[in-house]
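*Asks:*
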Amino acid sequence: MEFLDWLRLSLVGLVIAVGFVVDDAIVVIEIVIHHMEMGKTRLQAAIEGSREVIFTIVSMTISLIAVFIPIELRGGIGGRLFREFAVKVSVAILMSGLVWLTVTPMMCGWLISHDHGKAHGRLYR
Numbered sequence: 000m001e002f003l004d005w006l007r008l009s010l011v012g013l014v015i016a017v018g019f020v021v022d023d024a025i026v027v028i029e030i031v032i033h034h035m036e037m038g039k040t041r042l043q044a045a046i047e048g049s050r051e052v053i054f055t056i057v058s059m060t061i062s063l064i065a066v067f068i069p070i071e072l073r074g075g076i077g078g079r080l081f082r083e084f085a086v087k088v089s090v091a092i093l094m095s096g097l098v099w100l101t102v103t104p105m106m107c108g109w110l111i112s113h114d115h116g117k118a119h120g121r122l123y124r
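Using numbering that gives the first Met the number 0, the first residue of the sequence shown is number 0, and each one after it goes up by one.
Dropping the structure here:
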């Protein structure tokens with residue numbers, strides 16, 4: 000039974016971590032698209048957008064990791080059970096923060112395109 004509890008908590012930790020990673024990437028993509036809608040080039044929008052949210056990204060990463068530190072330091076059986084969960088989520092949040100700061104702005108500057116003259120489709124309207 001102990002192995003199944005450990006496995007469930009590990010899977011829950013990974014699901015929560017995926018949610019954090021996707022949520023954090025959306026923040027960066029939204030600000031880059033906002034700058035592109037203001038008429039800036041893809042590269043300018045990616046650079047200025049990442050500069051604009053860098054403090055937010057770093058502070059969110061630190062605060063989310065700070066939430067899981069007490070779980071890692073817990074003693075007893077509950078501490079041993081939840082330690083894997085807390086470590087997985089903390090490492091995923093740290094990696095997510097690094098991806099936000101490096102890969103996401105670069106991918107936005109490279110892949111996102113915005114045509115000011117083109118009308119949106121029916122579904123968007």
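Positions of the beta carbon are idealized from the N, C-alpha and C atoms, including for glycine. All values reported here derive from a predicted model rather than from experimental measurement.
Within 10 Å of its beta-carbon, does residue 91 have 16 or more other beta-carbons around it, so buried, or fewer, so exposed?
*Replies:* buried
*Asks:* Under DSSP, the alpha helix (DSSP H) around residue 40 begins and ends at which residues?
*Replies:* That residue, residue 40, is in no alpha helix (DSSP H); it is neither H nor E in DSSP.
*Asks:* Am I right that residue 87 and residue 16 are in contact with their C-beta atoms under 8 Å? What's the rounded C-beta distance?
*Replies:* 6 Å
*Asks:* Between residue 81 and residue 21, what straight-line distance do the alpha-carbon atoms span, to the nearest angstrom?
*Replies:* 23 Å
*Asks:* To the nearest angstrom, report how far apart residue 10 and residue 38 are at their CA atoms.
*Replies:* 43 Å
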